[in-house]
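>
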Amino acid sequence: KRDVKGLYAKARAGIIKGFTGIDDPYEAPTDAEIVLDTVNNDVEACADQVLNYLVEAGYLKDGEG
Numbered sequence: 023k024r025d026v027k028g029l030y031a032k033a034r035a036g037i038i039k040g041f042t043g044i045d046d047p048y049e050a051p052t053d054a055e056i057v058l059d060t061v062n063n064d065v066e067a068c069a070d071q072v073l074n075y076l077v078e079a080g081y082l083k084d085g086e087g
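Residue numbers (the working numbering): 23 to 87.
1) Beta-carbon separation of Ile56 and Val72 under 8 Å?
2) Let me confirm a value: Ala33 is counted as buried when at least 16 other C-beta atoms fall within 10 Å, else exposed. Which label applies?
3) Throw me the rounded Cβ distance for the Cys68 and Leu82 pair, which I believe falls under 8 Å.
4) In the structure shown, what three-state DSSP assignment does Asp59 receive?
5) Distance check for Ala50 and Asn74, CA to CA, integer angstroms please.
Here it is, written out as structure tokens:
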């Protein structure tokens, strides 16, 4: 469902080598500044979360995003 380009399918078939999460281990960050729940939130909600974080952290002024 989320593999619209078919990259994970190609990696599982051995066509793509060194694919993170398939034959190259995924290493979760130990101290992430922001974590997005992309399973339960749509793209717009995740984008809003990122923009809100950037404003709150002082990287953007309110209204720039």
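Quick reminder that beta carbons are idealized off the backbone N, C-alpha and C, glycines included.
Checking against the coordinates, here is how it stands:
1) Taking the sequence shown and counting its residues from 1, the one referred to as residue 56 is at position 34. Taking the sequence shown and counting its residues from 1, the one referred to as residue 72 is at position 50. Contact check for Ile56 against Val72 passes: the beta carbons are separated by less than 8 Å.
2) The residue given as residue 33 occupies position 11 in the sequence shown. With 16 or more other Cβ atoms within 10 Å, it is buried.
3) Along the sequence shown, one-based indexing puts residue 68 at 46. Along the sequence shown, one-based indexing puts residue 82 at 60. With 8 Å as the limit, Cys68 and Leu82 do not qualify as a contact, their Cβ atoms being about 16 Å apart.
4) Here residue 59 refers to the residue found at position 37 of the sequence shown. The three-state secondary structure of Asp59, taken from DSSP, is coil.
5) Working through the sequence shown from its first residue, we reach residue 74 at position 52. Working through the sequence shown from its first residue, we reach residue 50 at position 28. Those two C-alpha atoms are separated by around 23 Å.
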